[in-house]
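Let me begin by presenting the structure, written as structure tokens, before commenting on it.
2 protein chains.
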Amino acid sequence: MGKSLAVSPLAPARFPDLPVIDGVTFATIAAGVRYQGRTDVMLAKLAPGSAVAGAFTRSATRAAPVLDCQAKIGGASNEGAAIVVNSGNANAFTGRGGIDAVEAITAAAAEVCGVPQARVFTSSTGVIGEPLPHERITDALGELHASLSPSGIADAAKAIMTTDTFPKGASATVEVDGRTVSIAGIAKGSGMIAPDMATMLVYIFTDAQIDQDKLQHRLSTHTESTFNCITVDSDTSTSDALIMAATGASGVDVSDNEDFDAALRGVMLDLAHQVVKDGEGASKFVEIAVTGASNDDDAKTHALAIANSPLIKTAIAGEDPNWGRVVMAIGKSGAAADRDRLSIRFGDVEVARDGWRSPDYSEEAAAAHMQGENIVIGVDLGLGEGTCTVWTCDLTHGYIDINADYRS
Amino acid sequence: MGKSLAVSPLAPARFPDLPVIDGVTFATIAAGVRYQGRTDVMLAKLAPGSAVAGAFTRSATRAAPVLDCQAKIGGASNEGAAIVVNSGNANAFTGRGGIDAVEAITAAAAEVCGVPQARVFTSSTGVIGEPLPHERITDALGELHASLSPSGIADAAKAIMTTDTFPKGASATVEVDGRTVSIAGIAKGSGMIAPDMATMLVYIFTDAQIDQDKLQHRLSTHTESTFNCITVDSDTSTSDALIMAATGASGVDVSDNEDFDAALRGVMLDLAHQVVKDGEGASKFVEIAVTGASNDDDAKTHALAIANSPLIKTAIAGEDPNWGRVVMAIGKSGAAADRDRLSIRFGDVEVARDGWRSPDYSEEAAAAHMQGENIVIGVDLGLGEGTCTVWTCDLTHGYIDINADYRS
């Protein structure tokens, strides 16, 4: 990525004010891993007592840092922990050298931070197949550690960006028995995004207290309906990861608190939506809401077939209420459908019902909905109770511009 | 489709000279189904004794003409037959009215041609969800029948086009015991092309003699390795169909002739390749050859994951030998893969081996291959004997131009 990309038209007006999370400090640096003139490594240090949970890509060709994190998550330890993330190089498909690079970075970070190596988690994002110049990272760890700050999360969100056009953050605060706990998260991702957890990098922090297994359970559950329900281009990354740490510094136990659970899902969904809104070339944010499927799995299969259809994504880019292509996508998805029970709406405009164009179909009304920035495609299969909602963006010339460039 | 599209740069220099097939006559007309100023209906009439076989889309939302053909193919009859095809309107998702339209067209064609209605096969291609003005077709049948000619196949190839930029034809002749039989086929298709038979319209004719069940078996078998191994955009049509007729007029029985079998597959593959070469916006013809998979099904899953990846297709458009994206696609496909046994080549240039960039990798050599018009991506999984080859095209601005237009 040599050039600067224009900021997505769907970007929020500004980066949100994220609360300081007791027990976490952040630092960033311009280590020159690949990019010049910008930060590209972040370090997050977690206080002793932190529970760490994670969710990861299921790619069969996942990268060395992912495999290393997966092996470590869930390990019993009450000691401190650290997260090291670099952008510019994914350390993926880098053979034995990739494993050695992870070993070198985690060993050095453990030493610098005074935490066990088994509690150092790394992520790498960027080009695949190039050796990671890991000494640029290990050389920078001392300076990083010296500059750790509780308020560094906004800078961290910038350091992990690749083709992102804006940094992504979200937060929530929850009252529990008159005391407040906070959640703050950051994410990167804009291409190679398809739902197979996580297809992006996401780091979420809270000062709440919760056991590792309960935290893991919540994270895994909510991942299914948030990060695993977004797609930009149907392409699943080899590298991506969601790591969440609960420092417990607030002393407030949220193990069975439903408000906390809802707030956590809210932060995850907010970050997931921001990734879609930074989808490469995106000009529209699209919700696909499927109801009436035989079961939830079928609903998701249909929703993703629609969300990943190049013909539908280009029609949305062209503001064309081309519901015939929605019929096509449902037909090809492989999940159960009965053409003659199907109904489709664009926004509030019903365009098809019972296998036929709606009797009161208005092309003008449907076209008016397509001209907005937020598009909703509703599909009811008329078969059962299965539902699923997924989010995507349109497919524009911008996507081609970004990805047809020489080695983006 | 109001505007004229530039002819694909991958188009053959000219439409081939197709042999006259004894027992088949063709006619075309400009019936104004949707388009103005061009032919849009073709009639093919088959002599008594013709065997008719077919293969059809498996879409769950397939169109009325497809359902009608599927019900009729394989029926025992020695009488004549007819094929009626219109472009401009797919008669898909048109409810009860769609079925009535097929009934009206097949009844009228049976009457005009003097064949049983159960031997009249129709196809429709074009916009989905609009009522088919079938009386424009039935009104034209008399004039069509009056102009039937054995040499009309080239005009037929033009009348069935939608967003195609060139008509598609292929042929073969085979010597059997000193006598010659001929095969001639035509096809249309350039978008909404993904392998789930047939994702296009294809009509193949031969004067060879062969039983219907044997013809059907050969057609189905070869469809798997030809039309079901191409993809333009992963989107499967609701409408498309392959119909083959063997008139038997040569009196040469080819039931067990291997040369005929090979020639038939050759014609099918040639037509399939032409469809890819007319892929919407295509600038490169791409072969994905997968070997060493655990089995043939896995090989096909990997090959299609690569062929349908927007990131790979845009990289090819940008002439970028971005093999990291090939690793990504293999990882996401869901079929068995072992990162550290994988090798990848672009043309003759090995770019990756054993989970790592090839030791003698030359970016220049790989880039040189990508600059050609015919791109070969070879992948060996190193796991077993499974193989599959599929064909696709790149994803360019032209695809967006064509499909983001208002109701193409």
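Protein sequences appear in the order of chains Y and S.
According to the working numbering, the first sequence is numbered sequentially starting from 1.
According to the working numbering, the second sequence is numbered sequentially starting from 1.
Glycine included, C-beta positions come from ideal geometry on N, C-alpha and C.
Q. Since I183/Y and A263/Y are thought to touch, with beta carbons under 8 Å apart, how far apart are those beta carbons, to the nearest angstrom?
A. For the purposes of this step, residue 183/Y is taken as residue 183 along the first sequence, with counting starting at 1. For the purposes of this step, residue 263/Y is taken as residue 263 along the first sequence, with counting starting at 1. Sure, about 6 Å apart at Cβ, within 8 Å.
Q | Within 7 Å of chain Y by C-beta, residues of the segment 297-311 of chain S in sequence order | A | So the list reads S309, P310, L311, given in the order they occur along the chain.
Q) Since A352/Y and G23/Y are thought to touch, with beta carbons under 8 Å apart, how far apart are those beta carbons, to the nearest angstrom? A) As a working mapping, residue 352/Y is identified with position 352 in the first sequence. As a working mapping, residue 23/Y is identified with position 23 in the first sequence. Not confirmed; about 53 Å, so no contact.
Q: Count the C-beta pairs between the segment 114-133 of chain Y and the segment 94-101 of chain Y that are closer than 8 Å, then say yes if the count reaches three, no if not.
A: With a cut-off of 8 Å, the segment 94-101 of chain Y and the segment 114-133 of chain Y count as touching, because enough Cβ pairs lie within range.
Q: For A282/S, decide whether its Cβ has a neighbour in chain Y, counting only Cβ atoms nearer than 7 Å.
A: Stepping through the second sequence from its first residue, residue 282/S is reached at position 282. A282/S does not count as touching chain Y.
Q: Compute the Euclidean distance between the alpha carbons of A55/S and T223/S, then round it to the nearest angstrom.
A: Residue numbering aside, residue 55/S sits at position 55 when the second sequence is read from its first letter. Residue numbering aside, residue 223/S sits at position 223 when the second sequence is read from its first letter. Rounded to whole angstroms, A55/S to T223/S spans 8 Å at the Cα level.
Q: Run the CB neighbour count on Q274/S, radius 10 Å, all protein chains shown included, and call it buried at 16 or more, exposed below.
A: To locate residue 274/S, count along the second sequence from 1; it is residue 274. Burial check for Q274/S: the Cβ neighbour count within 10 Å reaches 16 or more, so the residue is buried.
Q.
Please return the same chain residues whose Cβ sits closer than 6 Å to the Cβ of I344/Y, not counting the five positions on each side in sequence.
A. The residue labelled residue 344/Y in the question sits at position 344 within the first sequence. Hits under 6 Å: W323, V326, V351, A352, V379.
Q. Which residue or residues does DSSP assign as beta-bridge partners of M42/S?
A. As a working note, residue 42/S is residue 42 in the second sequence. Answer is T28/S, V85/S, bridged to M42/S.
Q: Go ahead and label S333/S buried or exposed: buried means 16 or more other beta carbons lie within 10 angstroms of its beta carbon, across all protein chains shown.
A: Your numbering for residue 333/S matches position 333 in the second sequence. Burial state of S333/S is buried, judged by a 10 Å Cβ sphere holding 16 or more other Cβ atoms.
Q | Inter-residue Cα distance where the pair is D394/Y and G279/Y | A | Against the first sequence, residue 394/Y aligns to sequence position 394. Against the first sequence, residue 279/Y aligns to sequence position 279. Approximately 8 Å, taken between the alpha carbons.
Q) Would a check of beta-carbon distances place W356/Y closer than 7 Å to chain S? A) Locating residue 356/Y in the first sequence gives position 356, where the first residue counts as 1. It does; some Cβ of chain S falls within 7 Å.
(Q) Closer than 8 Å is the cut-off here; do at least three beta carbon pairs connect the segment 12-28 of chain S with the segment 254-262 of chain Y? (A) Cβ pair count under 8 Å is below three, so no.
Q) Going by the beta-carbon positions, is the gap between V368/S and A404/Y smaller than 7 Å? A) Residue numbering aside, residue 368/S sits at position 368 when the second sequence is read from its first letter. Residue numbering aside, residue 404/Y sits at position 404 when the first sequence is read from its first letter. A quick correction: the sequence has Ala, not Val, at residue 368/S. Cβ atoms of A368/S and A404/Y: not closer than 7 Å.
Q) Would you say A6/S reaches chain Y, if we count a Cβ-Cβ gap shorter than 7 Å as a contact? A) Within the second sequence, residue 6/S is the residue found at index 6, counting from 1. For A6/S, the answer is no, since every Cβ of chain Y falls outside 7 Å of its Cβ.
(Q) Please give the ranges of any beta strand (DSSP E) in the segment 277-360 of chain Y, keeping only runs that are unbroken, at least 3 residues long and fully inside the region. (A) If only uninterrupted beta strand (DSSP E) runs of at least 3 residues are considered, those enclosed by the segment 277-360 of chain Y are 285-293, 343-346, 349-353.
Q. Can you give the beta carbon distance from V232/Y to T392/Y, rounded, assuming they're within the 8 Å contact cut?
A. On the first sequence, residue 232/Y is found 232 positions in, with the first residue counted as 1. On the first sequence, residue 392/Y is found 392 positions in, with the first residue counted as 1. Right, the Cβ-Cβ distance comes to about 7 Å (below 8 Å), so this counts as a contact.
**Q.** Per-residue DSSP class, three states only, for A198/S
**A.** As a working mapping, residue 198/S is identified with position 198 in the second sequence. Note that A198/S scores 32 on pLDDT, short of 50, meaning its location in the model is unreliable; the coordinates nonetheless yield the value given after this. Note: A198/S maps to coil in three-state DSSP.
Q. Where does P150/S land, buried or exposed, given buried means 16+ other C-beta within 10 angstroms?
A. In the second sequence, the residue the question calls residue 150/S occupies position 150. Exposed: under 16 other Cβ atoms inside 10 Å.
Q) Any residues in the segment 315-328 of chain S with a beta carbon nearer than 8 Å to a beta carbon of chain Y? Which ones, in chain order? A) Residues of the segment 315-328 of chain S with a Cβ closer than 8 Å to any Cβ of chain Y, in chain order: A315, A317, G318, E319, D320, N322, W323, G324, R325, V327, M328.
Q: Report yes or no: is there a C-beta of chain S within less than 7 Å of the C-beta of R353/Y?
A: Counted from its first residue, the first sequence places residue 353/Y at position 353. No Cβ of chain S is located within less than 7 Å of the beta carbon of R353/Y.
(Q) Does I73/Y come out as helix, strand or coil in the three-state DSSP assignment? (A) As a position in the first sequence, residue 73/Y is number 73, starting the count at 1. Looking at I73/Y - three-state DSSP - the assignment turns out to be coil, as it is neither helix nor strand.
**Q.** CB contact flag (V181/Y, D213/Y, <7 Å)
**A.** In the first sequence, the residue the question calls residue 181/Y occupies position 181. In the first sequence, the residue the question calls residue 213/Y occupies position 213. Not closer than 7 Å, so no.
Q | Contact set between V112/Y and chain S, taken where Cβ atoms lie within less than 9 Å | A | Translated into the one-based positions of the first sequence, residue 112/Y becomes position 112. None at all; the shortest Cβ gap to chain S is about 29 Å.
Q: Mind listing the chain Y neighbours of H222/S? Cutoff is C-beta to C-beta under 9 Å, in chain order.
A: Within the second sequence, numbered from 1, the residue matching residue 222/S stands at position 222. When 9 Å is used as the limit between beta carbons, H222/S is near no residue of chain Y, the shortest such separation being about 22 Å.
Q: Could you please give me the residues that DSSP links to E175/Y through a beta bridge?
A: As a position in the first sequence, residue 175/Y is number 175, starting the count at 1. Beta-bridge pairing links E175/Y to T180/Y.
Q: Quick one: give me the first and last residue of the alpha helix (DSSP H) that C229/Y is part of.
A: Reading the first sequence from its first residue, position 229 is the one you call residue 229/Y. Segment: none, C229/Y is in no alpha helix (DSSP H) and carries neither H nor E.
Q. To the nearest whole angstrom, what separates the beta carbons of I73/Y and V52/Y, a pair I think is in contact under 8 Å?
A. Position 73 of the first sequence, counting from 1, holds the residue named residue 73/Y. Position 52 of the first sequence, counting from 1, holds the residue named residue 52/Y. At roughly 6 Å, the Cβ-Cβ gap stays under 8 Å, so I73/Y and V52/Y are in contact.
(Q) Between T162/S and S239/S, how many whole angstroms is the CB-CB distance? I'm expecting something under 8 Å. (A) In the second sequence, the residue the question calls residue 162/S occupies position 162. In the second sequence, the residue the question calls residue 239/S occupies position 239. The Cβ separation is near 10 Å, so there is no contact.
Q: For my contact list, P48/Y and G75/Y are in at a C-beta cut-off of 8 Å; report their separation, rounded to the angstrom.
A: Position 48 of the first sequence, counted from the start, is the residue given in the question as residue 48/Y. Position 75 of the first sequence, counted from the start, is the residue given in the question as residue 75/Y. Incorrect: roughly 14 Å between the Cβ atoms, too far for contact.
Q) Starting from A53/S and walking both ways along the beta strand (DSSP E), at which residues does that stretch end? A) For the purposes of this step, residue 53/S is identified with residue 53 of the second sequence, where counting begins at 1. Its beta strand (DSSP E) spans residues 51-56.
Q. Would V174/S pass as a contact of F260/S if the rule is Cβ separation under 7 Å?
A. For the purposes of this step, residue 174/S is taken as residue 174 along the second sequence, with counting starting at 1. For the purposes of this step, residue 260/S is taken as residue 260 along the second sequence, with counting starting at 1. It is a contact, given that the beta carbons lie within the stated cut-off.
Q: Answer yes if the segment 295-314 of chain S comes into contact with the segment 373-388 of chain S, meaning at least three C-beta pairs across the two stretches below 8 Å, and no otherwise.
A: Result yes; three or more Cβ-Cβ pairs closer than 8 Å.
Q: May I have the straight-line CA-CA distance separating V290/S from G398/S, to the nearest angstrom?
A: What you label residue 290/S is simply residue 290 of the second sequence in a count that begins at 1. What you label residue 398/S is simply residue 398 of the second sequence in a count that begins at 1. Cα-Cα distance, rounded: 28 Å.
Q. When we look at the beta-carbon of S123/Y and count the other beta-carbons within 10 Å, is it buried (16 or more) or exposed?
A. Translated into the one-based positions of the first sequence, residue 123/Y becomes position 123. S123/Y should be labelled buried.
Q: Report buried or exposed for D320/S, applying the criterion of at least 16 other Cβ atoms within 10 angstroms of its Cβ.
A: In the second sequence, the residue the question calls residue 320/S occupies position 320. Buried: at least 16 other Cβ atoms inside 10 Å.
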